[in-house]
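Right, one structure below, let's go through it.
In our numbering, the protein residues as written are 865 to 1296.
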């Protein structure tokens, strides 16, 4: 007998049984020491949700389909979607100067919502004073590049996006994201650090397992990372970017999803749109975003061509490593999420003496100094990463403190021996 049509995905293959997803998720969580995780997959109009483990290492409450996990920077995709909904309603223009929107001539001339959403605003990554006022911090910030000229991942930029949303709507960012996005999608709002959210866990060195950690996010940065959602909630957010009617019109959605030419997110993704990343392989493009909060890791991937959405949450610091293994397992099940393969390092070369020194992104300093065995060390706010190795393509690696393996983390910008900047973790840091 031929199976019913709904048993097949868009590729014509049979749907993956729920129990198989469950086995994969539970096995990987055990292998990586992650206390709890969720996986949701939308395919052929059907959503499958599985979960494993517990919300808190010590309290042992089981993870449920509705457990709200702090999603970190995936919040930026929600914030950007709210902005694009305002664009669709003609309440805001993408290329209007932000200073004009906010009535603040002290903001950088020419900086627009398009720059903020695509991380090409030139603003540093984070505020120097997280207790200060957003606009005061931005006016005082030293830019890493002129607006529209380079990609540099910026939480501070999304704090400013939140101010734009508040100015246009007359609501707080929380009120706006709930009214415009979450409630229409039937998502129960929750925020990192609230009593009903899942607890994150750091890596433990002893036999007691993962170590519970508290969430710490200053109010200024809520538009960049405050939401807590389940994997099933993330599927609903992903549906918006499959063309779910009622929020974004076709033209606005296409503008959001289109790759921004000057946004080259080295080491983070293959491209960037307006608040949404591009992950590419063999000509196929998936959209999405990654996020980490304190002791959590979350990923969202959207295949527009195949009408497929995959969402993953984990409440352990090893969640990102678990995600990479999960992608391999899903690919074996014919869910072909592009792999973020670590590039094979090019030939090691001596570090030019002229490039030793300090590179700065806002209040964050990256210092490259001579190290042992004629190599170099990277010092980030006092933390030393040894075996900092430069390669002949200007990329560099450091030794991962957990695995001990060389790990690509960035590249030099400029002429060897006279570097003007480094790109590291998607952030541009200028020679200081």
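Glycine included, each C-beta is placed from N, C-alpha and C at the ideal position.
The beta strand (DSSP E) enclosing residue i, as first and last residue numbers
| i | result |
| --- | --- |
| residue 1297 | The chain is shown from 865 up to 1296; residue 1297 falls before or after that span and cannot be answered. |
| residue 915 | 910 to 917 |
| residue 1242 | 1240 to 1244 |
| residue 1286 | 1282 to 1288 |
| residue 822 | This structure cannot settle anything about residue 822, because the visible part of the chain is limited to 865 through 1296. |
| residue 1232 | 1228 to 1234 |
| residue 1033 | Element bounds for residue 1033: not the beta strand (DSSP E) but the alpha helix (DSSP H), 1019 to 1033. |
| residue 1145 | 1141 to 1145 |
| residue 1250 | 1247 to 1255 |
Proximity to residue i [Cα-Cα], best of the options
| i | options | result |
| --- | --- | --- |
| residue 1165 | 1133, 1124, 1075 and 1147 | 1133 |
| residue 1055 | 1082, 1044, 953 and 1029 | 1082 |
| residue 1223 | 1216, 1212 and 1244 | 1244 |
| residue 1281 | 1220, 1006, 947 and 1131 | 1220 |
| residue 1177 | 925, 1045, 924 and 930 | 930 |
| residue 1349 | 1109, 1290 and 1294 | With the chain represented from 865 up to 1296, any question about residue 1349 goes unanswered, as that position is not in the structure. |
| residue 905 | 881, 1058, 1140 and 895 | 881 |
| residue 1111 | 1287, 953 and 925 | 953 |
| residue 1161 | 1187, 1138, 1042 and 1170 | 1187 |
| residue 985 | 894, 1139 and 925 | 1139 |
| residue 996 | 1085, 989 and 892 | 1085 |
| residue 1080 | 1011, 1106, 1142 and 1156 | 1156 |
| residue 1040 | 943, 1171, 1258 and 1213 | 943 |
| residue 925 | 1289, 1258 and 1179 | 1179 |
| residue 1106 | 1123, 907 and 1003 | 907 |
| residue 1260 | 1296, 940, 1213 and 1146 | 1213 |
Nearest-angstrom beta carbon gap, residue j and residue i [assumed within contact, 8 Å]
| i | j | result |
| --- | --- | --- |
| residue 1034 | residue 980 | In fact, because the Cβ distance is near 20 Å, the residues do not count as touching under 8 Å. |
| residue 823 | residue 1049 | The first residue shown for the chain is 865 and the last is 1296, placing residue 823 beyond what the model contains. |
| residue 1067 | residue 1181 | 5 Å |
| residue 1018 | residue 987 | 5 Å |
| residue 1255 | residue 1204 | Not quite, the Cβ-Cβ distance comes to about 19 Å (not below 8 Å), so this is no contact. |
| residue 1128 | residue 1202 | That belief does not hold up - the Cβ atoms of residue 1128 and residue 1202 are roughly 17 Å apart, past 8 Å. |
| residue 1005 | residue 1226 | 6 Å |
| residue 1158 | residue 1064 | 5 Å |
| residue 1016 | residue 983 | 6 Å |
| residue 1239 | residue 1252 | 7 Å |
| residue 989 | residue 1228 | 6 Å |
| residue 945 | residue 1114 | So it is not a contact: roughly 15 Å between Cβ atoms. |
Close Cβ partners of residue i (< 7 Å) along its chain, the five nearest in sequence each way excluded
| i | result |
| --- | --- |
| residue 1031 | 965 and 966 |
| residue 1060 | 932 and 1054 |
| residue 889 | 901, 903, 914 and 916 |
| residue 1278 | 1284 and 1285 |
| residue 1218 | 1281 and 1282 |
| residue 1233 | 1220, 1240, 1241 and 1243 |
| residue 1051 | 1093, 1097 and 1100 |
Span of the alpha helix (DSSP H), counted from its first residue to its last, around residue i
| i | result |
| --- | --- |
| residue 1259 | No alpha helix (DSSP H) contains residue 1259, which is instead part of the beta strand (DSSP E) from 1259 to 1263. |
| residue 1116 | 1114 to 1121 |
| residue 952 | 938 to 952 |
Close beta carbons around residue i, own chain, < 6 Å, minus the five adjacent residues each side
| i | result |
| --- | --- |
| residue 1071 | Bear in mind that a pLDDT of 48 at residue 1071, under 50, signals an unreliable position, so the number given afterwards is only what the model happens to contain. Within the same chain, residue 1071 has no close Cβ partners at all. |
| residue 1175 | 904, 1095, 1098, 1099 and 1164 |
| residue 867 | In this prediction, residue 867 has a pLDDT of 32, which is less than 50 and means its spatial position is unreliable; what the coordinates show is noted afterwards. For residue 867, where only same-chain residues beyond five positions count, there are no Cβ hits under 6 Å. |
8 Å CB neighbourhood of residue i in its chain, flanking five on each side removed
| i | result |
| --- | --- |
| residue 1249 | 1241, 1242, 1243, 1262, 1263 and 1265 |
| residue 956 | 947, 950, 965, 977, 1028 and 1032 |
| residue 1148 | 1167, 1169, 1200 and 1202 |
| residue 1013 | 984, 986 and 1126 |
| residue 1230 | 1222, 1223, 1224, 1242, 1243, 1244, 1286, 1288 and 1293 |
| residue 994 | 1082, 1084 and 1085 |
| residue 1037 | 943, 1026, 1029, 1030, 1086 and 1087 |
Is the segment 1087 to 1104 in contact with the segment 927 to 937, if contact means three or more CB pairs nearer than 8 Å? Touching, yes, given that three or more Cβ pairs across the two stretches are closer than 8 Å.
Between the segment 1271 to 1279 and the segment 966 to 980, are three or more C-beta pairs nearer than 8 Å? Result no; under three Cβ-Cβ pairs closer than 8 Å.
Using a Cβ distance threshold of 8 Å, determine whether the segment 898 to 907 contacts the segment 917 to 925, with at least three qualifying pairs required. Enough Cβ pairs lie closer than 8 Å, so yes.
Within 8 Å, do at least three Cβ pairs link the segment 1117 to 1135 to the segment 1185 to 1195? Contact check between the segment 1185 to 1195 and the segment 1117 to 1135: fewer than three CB pairs, one atom from each, fall below 8 Å, which does not count as touching.
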